[in-house]
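Worksheet: one structure, shown below.
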Amino acid sequence: MERELPKLLCFYKLQGWIPLVDLIEPANTPNVKNFIVEALSKVVLTKIDLEWDHEVSEGWASPLKGLLRETENLGILHFNCLWLKDENLVDITMLTVLTFDDEVMEKIGGSCSVALVG
Numbered sequence: 001m002e003r004e005l006p007k008l009l010c011f012y013k014l015q016g017w018i019p020l021v022d023l024i025e026p027a028n029t030p031n032v033k034n035f036i037v038e039a040l041s042k043v044v045l046t047k048i049d050l051e052w053d054h055e056v057s058e059g060w061a062s063p064l065k066g067l068l069r070e071t072e073n074l075g076i077l078h079f080n081c082l083w084l085k086d087e088n089l090v091d092i093t094m095l096t097v098l099t100f101d102d103e104v105m106e107k108i109g110g111s112c113s114v115a116l117v118g
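Under the UniProt record's numbering, residues 1 to 118 are what the sequence shown spells out, in order.
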């Protein structure tokens, strides 16, 4: 199944059934994002957290692009769907969750963006 997943996701994308989000940035490509990441608050990930990151980056959580706020989280929990900014409705029956403890939440505070460091 692991080898078939990229083919399946590509097929779904070509059919227009799901909008895929590519979260993997080539390591050898210098770009402005690297400079932006250096300025962000950082969260160090455990091995289990890295598995979550790997799952999201492979498209399992598509069309999600990162962390959910309370509104999106509750929508998925209660209605099994997510309203996207373009007013499209996407069926998501199970949350892919990365949890932070109080110490990490204090560190990142009200940051709009954080860097996940493995």
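C-beta atoms are modelled at their ideal positions from N, C-alpha and C, and glycine is treated no differently. Just so we're clear, the structure is a prediction, and the values are computed from it rather than from any experiment.
- request: Using a Cβ cut-off of 9 Å (strictly closer), state whether glutamate 87 contacts chain C.
  value: Given the protein chain composition of this structure (a single chain), no chain C is represented.
Aspartate 101 to valine 114 span [Cα, whole Å]: 15 Å
message: With a threshold of 7 Å on Cβ separation, who are the neighbours of leucine 116 within its own chain once the five nearest residues in sequence on each side are excluded?
response: Val43, Leu45 and Asp53
- prompt: How long is the line joining the alpha carbons of asparagine 80 and glycine 16, rounded to whole angstroms?
  reply: 20 Å
- prompt: How would you write the range of the beta strand (DSSP E) that lysine 85 sits in, first residue to last?
  reply: Looking at the DSSP string, lysine 85 is not in any beta strand (DSSP E), and its letter there is neither H nor E.
field: First through last residue of the alpha helix (DSSP H) which encompasses valine 104
entry: 102-108
message: Among Ala39, Asn34, Leu89 and Leu82, whose alpha-carbon lies nearest the alpha-carbon of cysteine 112?
response: Ala39
- prompt: To the nearest angstrom, how far is it from the Cα of methionine 105 to the Cα of serine 41?
  reply: 11 Å
message: Report the CB separation of leucine 82 from glutamate 72 in whole angstroms; it is logged as a contact under 8 Å.
response: 6 Å
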